[in-house]
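In the numbering used here, the protein residues as written are 653 to 992.
Note that the Cβ used here is the ideal one computed from N, Cα and C, for glycine as well.
If you're wondering where the values come from, they're calculated on a predicted model, not measured in any experiment.
A short worksheet on the structure shown next.
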Ligand code: 2P0
C-alpha cells in the first residue's frame with residue numbers, strides 16, 4: 653500500500669477566467685491572475701491510497717462517498733497514470749500504476765463560506781496523485797483538466813494562468829508571479845452574502861457567454877491583455893491603488909458579460925451591489941483606494957485590502973452590516989462613512 657496526503661489553497665481571481673475556447677481540454681479564452689490564500693486559513697486536504705487489495709477506485713468528499721465515474725475526475729486519474737507509465741517506460745515499472753486508488757478529500761472551511769471548493773479540491777487531488785506516481789514538473793495542466801481555476805491553486809502567492817496558443821493545451825499552464833512572502837501586508841475578507849448553492853453553474857454560464865456575448869469578444873481581445881500586464885506590474889511594485897482598480901473593474905466586466913449573454917444571467921444580488929457601493933463610498937470618503945471588491949460566480953464578496961486598513965474597514969462593515977434588516981435601512985438613509 654502507498655499513501656500520500658497533500659494540502660492546496662483556495663484562490664481568488666483578480667483577473668477573471670470566464671469563457672473557454674476548448675471545453676474538453678478546458679482551455680480558457682483569456683489569461684487570468686489570482687492570489688492563493690494562506691493554507692492555514694482555508695485549504696483542501698486530500699489523502700490518496702493505492703493498494704493491490706482495492707477492488708475499485710473510490711472517492712469521498714467531506715466524508716460523503718461520491719461517484720468516481722465523474723468524467724473530469726476520470727480524465728485527471730487517466731492523465732496521471734499515463735504520465736506515470738510514460739516516465740517508467742524505460743525503467744523498472746512498479747505495479748502501482750495498475751493498483752486501484754481510494755481518495756479522501758476535505759475542506760477546512762465550511763461549505764457555507766460560499767467559496768468554490770473545486771479549485772482547491774482538484775489542485776490537491778492532482779498534487780497527491782503526482783506525489784504518489786512521482787510525476788515531476790508542471791502539474792497545473794493536469795489540475796486544469798479537473799477544473800480550470802484549479803490550475804492556479806497548485807501554486808501559492810500570486811499566480812498567472814496563461815491561456816496559451818497551442819490546440820493541445822500544453823502551454824495553458826499556471827506560473828507563480830510572486831511568492832506569498834512578496835506582499836505580506838495583503839489581506840482578504842470573504843463576506844458571505846448567501847451560502848446557498850449557486851443556481852447557475854459557472855461552466856454553463858461560461859458556455860452561454862462564449863456563444864452569445866459581443867462584450868466578451870471585446871473583453872478578450874481589447875481589455876484583458878493590457879489589464880494582465882498592468883496587474884502583473886502592480887503586484888510586482890506592490891501598487892495597491894492600481895491593483896485595486898483593475899481588480900474591481902475586472903469583476904465588474906465579468907458580471908457585465910454575464911448580463912450581455914443571451915438570455916442574460918446574474919450572480920450578484922442586492923446585497924452584493926450594496927457592498928460595491930459601500931466600497932466605492934468608503935474609498936471616496938478617505939480620498940484613496942484602500943479596499944477592492946471582487947465577485948465570482950455567486951453573490952459573495954471577496955475584499956482585498958492592506959493590513960493597516962483592515963481594522964477600520966471592518967468597523968465600517970460592522971456598522972453597516974448588523975442584522976440584515978437594519979443594514980438596508982441604514983444604507984438607504986445614506987449615513988456618512990464618518991459616522992462609523
Ligand atoms: C475565476 N471562476 O477566474 C473565475 C471567476 C468563477 C468566476 O474559474 O468549468 O469552476 O471547471 O473550468 O474553474 C470558476 O470556474 O470552471 C471560475 P470550470 P471553474 O476564478
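From what residue to what residue does the alpha helix (DSSP H) around residue i run?
{"i": "residue 794", "result": "792 to 798"}
{"i": "residue 908", "result": "892 to 911"}
{"i": "residue 933", "result": "922 to 937"}
{"i": "residue 970", "result": "962 to 972"}
{"i": "residue 785", "result": "From DSSP, residue 785 is part of no alpha helix (DSSP H); its letter is neither H nor E."}
Just to confirm, is the Cβ distance from residue i to residue j under 8 Å?
{"i": "residue 662", "j": "residue 819", "result": "no"}
{"i": "residue 852", "j": "residue 907", "result": "no"}
{"i": "residue 839", "j": "residue 679", "result": "no"}
{"i": "residue 609", "j": "residue 658", "result": "One cannot answer for residue 609 here, as it falls past the ends of the chain, which runs 653 to 992."}
{"i": "residue 767", "j": "residue 694", "result": "yes"}
{"i": "residue 827", "j": "residue 884", "result": "no"}
{"i": "residue 780", "j": "residue 656", "result": "yes"}
Residue i lies in the beta strand (DSSP E); which residues open and close that run?
{"i": "residue 877", "result": "No beta strand (DSSP E) holds residue 877; the alpha helix (DSSP H) holding it covers 876 to 888."}
{"i": "residue 839", "result": "838 to 843"}
{"i": "residue 834", "result": "Taken as a continuous stretch (DSSP letters only), residue 834 belongs to no beta strand (DSSP E), as it is neither H nor E."}
{"i": "residue 655", "result": "654 to 661"}
{"i": "residue 802", "result": "Unbroken run through residue 802: none, as it is neither H nor E."}
{"i": "residue 673", "result": "672 to 674"}
{"i": "residue 859", "result": "From DSSP, residue 859 is part of no beta strand (DSSP E) but of the alpha helix (DSSP H) over 854 to 864."}
{"i": "residue 815", "result": "From DSSP, residue 815 is part of no beta strand (DSSP E); its letter is neither H nor E."}
{"i": "residue 691", "result": "Note, residue 691: premise wrong, no beta strand (DSSP E); not H, not E."}
Given 7 Å as the limit, tell me if residue i has its C-beta closer than that to any heavy atom belonging to ligand 1.
{"i": "residue 801", "result": "yes"}
{"i": "residue 768", "result": "yes"}
{"i": "residue 668", "result": "yes"}
{"i": "residue 678", "result": "yes"}
{"i": "residue 614", "result": "Given a span of 653 to 992 for the chain in the structure shown, any question on residue 614 remains unanswerable."}
{"i": "residue 688", "result": "no"}
{"i": "residue 949", "result": "yes"}
{"i": "residue 883", "result": "no"}
{"i": "residue 653", "result": "no"}
{"i": "residue 775", "result": "no"}
{"i": "residue 920", "result": "no"}
{"i": "residue 900", "result": "no"}
{"i": "residue 906", "result": "yes"}
{"i": "residue 684", "result": "yes"}
Using C-beta distances below 6 Å, list every residue in its chain close to residue i, excluding the 5 sequence neighbours before and after it, in chain order.
{"i": "residue 769", "result": "759"}
{"i": "residue 681", "result": "671, 673, 872"}
{"i": "residue 724", "result": "798"}
{"i": "residue 1070", "result": "No statement about residue 1070 is possible, as the shown extent of the chain runs from 653 to 992 and does not include it."}
{"i": "residue 832", "result": "808, 809"}
Just to confirm my understanding: we take residue i, look at its own chain, exclude 5 residues before and 5 after, and list those with CB closer than 7 Å. What are they?
{"i": "residue 754", "result": "701, 706, 710"}
{"i": "residue 686", "result": "663, 664, 665, 666, 804, 811"}
At least one CB of chain C closer than 8 Å to the CB of residue i: is that the case?
{"i": "residue 845", "result": "This model lacks chain C altogether; it includes just one protein chain."}
Return the chain-ordered list of same chain residues with a C-beta closer than 8 Å to the C-beta of residue i, the five sequence neighbours on each side being excluded.
{"i": "residue 713", "result": "757, 758, 773"}
{"i": "residue 718", "result": "711, 712"}
{"i": "residue 749", "result": "733, 736, 737, 740, 785"}
{"i": "residue 669", "result": "680, 682, 684, 800, 801, 813"}
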